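So the sequence shown is numbered by this note's numbering: it starts at 856 and just counts up by one. We put the CB at the ideal spot given by N, CA and C, even for glycine. Please read these numbers as outputs of a predicted model, since none were measured by experiment. Written below as structure tokens is the structure these notes are about.
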Amino acid sequence: MLLEKKNDIQVSIVIPVYNEQKVISSLFGRLQELMNTSTLKLECVFVDDGSNDDTAGQLISICMNDPRFQYISFSRNFGHQVAIAAGLKNARAREAVFIIDADLQDPPELLTAFYQKLKEGYDIVYGIRRNRKESWIKRGSYYLFYRLINKIATLRFPVDAGDFSLISRRAVDVINLFPEEAVFIRGIRSWIGFKQAGMEYNRAPRVKGSTRYSYTKLLRLAMNGFYNFSEVPIRLISYLGIASISIALIYLIVTLINKIVYHTVPQGFTAILFTIVLFGGVQLLSIGVIGEYIIRTFFQVKNRPPFIIDKKIFDGVHSNEP
Ligand code: UDP
Ligand code: MG
856 MLLEKKNDIQ VSIVIPVYNE QKVISSLFGR LQELMNTSTL KLECVFVDDG SNDDTAGQLI
916 SICMNDPRFQ YISFSRNFGH QVAIAAGLKN ARAREAVFII DADLQDPPEL LTAFYQKLKE
976 GYDIVYGIRR NRKESWIKRG SYYLFYRLIN KIATLRFPVD AGDFSLISRR AVDVINLFPE
1036 EAVFIRGIRS WIGFKQAGME YNRAPRVKGS TRYSYTKLLR LAMNGFYNFS EVPIRLISYL
1096 GIASISIALI YLIVTLINKI VYHTVPQGFT AILFTIVLFG GVQLLSIGVI GEYIIRTFFQ
1156 VKNRPPFIID KKIFDGVHSN EP
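The structure is reproduced here in structure tokens:
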């Protein structure tokens, strides 16, 4: 019923938000400005990823006062990627969904340019970061991640493209079909295909506050990219096995020749110790890699809901339905 009433919305803007109390007022200002000046009919969908500061209070008051702003909150922190997935499921626009970060690193005003590109016949228009304002450790890690994943993944990932993108209605519908447990939005977005285009942009620094991504969260995100979109890590184990068997055979032959032909006394205690320790490590690592795939299978098989919704405010109306 809601859908019928609201299907004049052309683009939904999905914004995952986690403890961003310092940012909300600037964000709201920029979004309001965009909505008032754009020729498109827009709605914003805030997904509050279990914030425990004043974020919820501020967002609720915005959404109760202006029906163009919608609010969904999770029962706890489920993570940025899951928040985007929830936003995609609840976005009602009939033409496209625009995904941006709450900290205004992705300029909302680029919607106009992205939308034009979409109208040229693309289903997905994603932003490519021309510059980064993060520390060199983060920049270096991102650099390595995108190059490495392109080497090992079964599909091509656009380099330096994050979640900032405009996705057509039909592509969003396809993404919403994915029952992925450890969801990695930019991976799924590449995987589904269709015509995709990248648009370069300057990534702004965060307006206020500090990053909500700890190194652990970032590492987990990277791991989801590797393990969910590549079987290379598990294949490497077999290659490693073949390589070590070959080395062992050569070593055996050398030892036998030494013993039979030259009658040398047994030597190589260090070599043996080294080999045991090395291959002990290699085996543990290999079990770990297999474990990563098993963990993923385990959680997927459990078939738990990917997130739990606590509150919803749509069109200025409060509801507690999940
Ligand atoms: N975020 C979220 N859940 C989290 C962590 C972050 O919804 O557990 C949101 C955050 O509020 C922001 C976006 O995801 O809108 C990107 O986070 P952040 O800016 O901290 O990441 P960075 O830009 O530093 O990679
Ligand atoms: Mg940010």
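{"Query": "Figure out for me which residue from PHE924, PHE1012, ASN1175 and GLN1051 has the closest Cα to the Cα of ILE1163.", "Result": "ASN1175"}
{"Query": "Rounded to the nearest angstrom, what separates ARG1159 and ALA1037 at their Cα positions?", "Result": "11 Å"}
{"Query": "Nearest to TYR977 by alpha carbon, out of ASP909, GLU964 and MET1054?", "Result": "MET1054"}
{"Query": "Please report the distance separating the alpha-carbon of ALA938 from that of ARG1067.", "Result": "13 Å"}
{"Query": "Pick out every residue whose C-beta is nearer than 7 Å to a heavy atom of ligand 2: which are they, in chain order?", "Result": "ASP956, ASP958, GLN960, ARG1061 and THR1066"}
{"Query": "Which value, in whole angstroms, describes the spacing of the CA atoms of ILE955 and VAL980?", "Result": "13 Å"}
{"Query": "Should ALA1016 and PRO1161 be called a contact, given that it needs their Cβ atoms to be closer than 8 Å?", "Result": "no"}
{"Query": "Opposite ARG984 in the DSSP bridges: which residues?", "Result": "TYR1056"}
{"Query": "Report whether the distance from the Cβ of ASP904 to the nearest heavy atom of ligand 1 is below 7 Å.", "Result": "yes"}
{"Query": "Pull up the distance between the alpha-carbon of GLY1048 and that of THR1130, whole angstroms please.", "Result": "46 Å"}
{"Query": "Report all residues from its chain with a CB closer than 8 Å to the CB of ILE1007; omit the five preceding and five following residues, and keep chain order.", "Result": "PHE1081, SER1085, VAL1087 and PRO1088"}
{"Query": "Under 8 Å, do PHE953 and PHE933 count as touching if we go by C-beta distance?", "Result": "no"}
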